[in-house]
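Peer 1:
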Amino acid sequence: MNKSHTLRWGMSLLALATLMACGEAPASSSTPAASSKAEESSAAVSSVAPVVTSSEEVTTEEEVTTEEEVTTEEELTSSEEVEFVWFLSGSFNGWDQKNENYGLKEMTMAPGTFAIEGVNLKAGAQFKVMGGTGETAEWYPANNVVISENGKYTIVFAPAGGLEPMAEGAWVSDDTKVAYMKTGEYEGEVTEVEYYLSGAFNEWAAKDINHKLTKMEEQKEGKDQYSILGVELTAGGLKVTDSDGNWYPDGMNNDYQVPAAGTYDIYFVPEGGIAEWTDYGSGYFYVGAHAA
Numbered sequence: 006m007n008k009s010h011t012l013r014w015g016m017s018l019l020a021l022a023t024l025m026a027c028g029e030a031p032a033s034s035s036t037p038a039a040s041s042k043a044e045e046s047s048a049a050v051s052s053v054a055p056v057v058t059s060s061e062e063v064t065t066e067e068e069v070t071t072e073e074e075v076t077t078e079e080e081l082t083s084s085e086e087v088e089f090v091w092f093l094s095g096s097f098n099g100w101d102q103k104n105e106n107y108g109l110k111e112m113t114m115a116p117g118t119f120a121i122e123g124v125n126l127k128a129g130a131q132f133k134v135m136g137g138t139g140e141t142a143e144w145y146p147a148n149n150v151v152i153s154e155n156g157k158y159t160i161v162f163a164p165a166g167g168l169e170p171m172a173e174g175a176w177v178s179d180d181t182k183v184a185y186m187k188t189g190e191y192e193g194e195v196t197e198v199e200y201y202l203s204g205a206f207n208e209w210a211a212k213d214i215n216h217k218l219t220k221m222e223e224q225k226e227g228k229d230q231y232s233i234l235g236v237e238l239t240a241g242g243l244k245v246t247d248s249d250g251n252w253y254p255d256g257m258n259n260d261y262q263v264p265a266a267g268t269y270d271i272y273f274v275p276e277g278g279i280a281e282w283t284d285y286g287s288g289y290f291y292v293g294a295h296a297a
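Position in the sequence shown counted from 1, then plus 5, gives you this note's numbering.
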């Protein structure tokens with residue numbers, strides 16, 4: 006993804022309609038007390054007479070109150086209901102599909118454009134927008150969006166595309182349908198991400214503690230570098246996974262193929278893009294024979 010791109014918006018990305026009408030409870034009525042001695046005397050003589058307030062009046066008042074409370078509750082529920090079409094799915098929620106906690110709402114100021122705000126994401130988190138109205142789920146963009154900095158994010162999706170880079174701090178994905186902007190600081194404890202080797206040799210186990218990579222003091226092209234040396238591998242696919250559920254490289258049918266069983270040294274850079282490593286997992290890692 007080209008992180009030099011930024012997003013053009015003529016309106017605030019945070020402009021989502023949240024107005025809600027609320028009813029007021031009906032005022033209660035009071036019955037004035039008797040004031041004359043004649044009335045007191047009459048009340049004493051007629052001590053066995055029924056109370057003036059009839060059961061019909063009480064029932065009517067209760068019915069009115071109940072009806073108003075139900076109506077108000079129904080109106081409130083109706084105003085909050087949203088039929089989501091598009092959802093955020095990624096490593097931070099286990100790639101959950103159509104989770105309404107991550108539903109995108111259509112922007113009132115930009116019909117046909119959807120947004121979700123205040124998403125708490127750690128550096129390295131990956132996501133796509135998924136959903137659609139057809140029988141087959143749609144996923145955008147083609148390549149996962151990868152977050153490079155801890156923070157809270159607003160994510161905007163335009164199914165028809167056309168999002169253009171413009172304002173500093175807003176980034177547009179490869180196909181100009183998905184844009185994201187950091188709008189706040191990350192909430193919660195940020196723990197150091199751990200990396201593990203995964204592949205045909207361990208039946209693609211994730212977070213395999215026996216194949217954890219170690220951070221090296223030496224960097225590669227100014228980027229943090231990890232390694233695991235003298236590891237026994239079988240012929241077959243190979244990738245790196247991390248403690249947040251991300252895979253390197255992400256996607257299907259792009260893993261590095263170990264040519265033959267043997268003992269290897271693996272070097273890995275989470276940020277990827279190492280030009281001389283492009284034959285070993287899209288520039289994320291290097292696989293070499295172990296030096297005895």
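Ideal Cβ placement from N, Cα and C applies to all residues, glycine included.
#1: Between residue 266 and residue 297, which are expected to be in contact by the criterion C-beta below 8 Å, what is the C-beta distance as a whole number of angstroms?
#2: Within this structure, are the beta carbons of residue 179 and residue 147 separated by less than 8 Å?
#3: Quick one: Cα of residue 81 to Cα of residue 93, how far?
#4: Once you ignore the five residues that flank residue 127 on each side, which residues in its own chain have a CB closer than 6 Å to its CB?
#5: Measure the alpha-carbon distance for residue 282 versus residue 99 and round it to whole angstroms.
#6: Measuring alpha carbon to alpha carbon, tell me which residue in 183, 280, 231 is nearest residue 151.
#7: Within this structure, are the beta carbons of residue 219 and residue 203 separated by less than 8 Å?
#8: Once DSSP output is grouped into helix, strand and coil, what is the label at residue 299?
#9: For residue 165, which residues of its own chain have a beta-carbon under 7 Å away from its beta-carbon, when the five flanking residues on both sides are left out?
#10: Using a Cβ-Cβ cut-off of 7 Å (strictly less than) and excluding sequence neighbours within five positions of residue 294, which residues of its own chain qualify?
#11: Taking the straight line between their C-alpha atoms, what separation do you get for residue 285 and residue 278?
#12: So the candidates are 162, 125, 230; which of them puts its Cα closest to the Cα of residue 195?
#13: Please classify residue 159: is it buried, with 16 or more other beta-carbons within 10 angstroms of its beta-carbon, or exposed?
#14: Can you tell me whether residue 144 is buried or exposed, with buried defined as 16 or more other CB within 10 angstroms of its CB?
#15: Give me, in chain order, the residues of the same chain whose beta-carbon lies closer than 8 Å to that of residue 107; leave out the 5 immediate sequence neighbours on both sides.
Peer 2: Let me spell this out:
#1: On the sequence shown, residue 266 is found 261 positions in, with the first residue counted as 1. On the sequence shown, residue 297 is found 292 positions in, with the first residue counted as 1. Incorrect: roughly 16 Å between the Cβ atoms, too far for contact.
#2: Here the question's residue 179 lines up with position 174 in the sequence shown. Here the question's residue 147 lines up with position 142 in the sequence shown. Cβ atoms of residue 179 and residue 147: closer than 8 Å.
#3: Here the question's residue 81 lines up with position 76 in the sequence shown. Here the question's residue 93 lines up with position 88 in the sequence shown. Unreliable positioning characterises residue 81 in this predicted model, as indicated by a pLDDT of 38, which lies under 50. The coordinate reading is nonetheless provided below. Their Cα atoms are separated by approximately 26 Å.
#4: As a first step, residue 127 is located in the sequence shown; it is residue number 122 there, counting from the start. Cβ within range, chain order: 155.
#5: The residue given as residue 282 occupies position 277 in the sequence shown. The residue given as residue 99 occupies position 94 in the sequence shown. Across the structure, residue 282 and residue 99 are spaced so that their CA atoms are roughly 29 Å apart.
#6: By 1-based counting over the sequence shown, the position of residue 151 is 146. For residue 151, the nearest C-alpha among the options comes from 183.
#7: Mapped onto the sequence shown, residue 219 falls at position 214. Mapped onto the sequence shown, residue 203 falls at position 198. For the pair residue 219 and residue 203, the CB atoms are not nearer than the 8 Å cut-off.
#8: Outside the modelled stretch of the chain, which goes from 6 to 297, sits residue 299, for which no answer is possible.
#9: Counting from 1 along the sequence shown, the entry for residue 165 is found at position 160. So the list reads 117, once near-sequence residues are dropped.
#10: For the purposes of this step, residue 294 is identified with residue 289 of the sequence shown, where counting begins at 1. The beta carbon of residue 294 lies closer than 7 Å to those of 267, 269 in the same chain, with the five residues before and after it left out.
#11: On the sequence shown, residue 285 is found 280 positions in, with the first residue counted as 1. On the sequence shown, residue 278 is found 273 positions in, with the first residue counted as 1. Between residue 285 and residue 278, the C-alpha separation is close to 11 Å.
#12: Counting from one through the sequence shown, the residue named residue 195 turns up at place 190. The residue with the shortest Cα to Cα distance from residue 195 is 125.
#13: Within the sequence shown, residue 159 is the residue found at index 154, counting from 1. By the neighbour-count rule (16 or more Cβ atoms within 10 Å), residue 159 is buried.
#14: For the purposes of this step, residue 144 is taken as the residue at position 139 of the sequence shown. Flag for residue 144 reads exposed.
#15: By 1-based counting over the sequence shown, the position of residue 107 is 102. Take residue 107, set aside five residues on each side of it, and the residues of its chain with a beta-carbon closer than 8 Å to its own are 92, 93, 94, 98, 101, 121, 124, in chain order.
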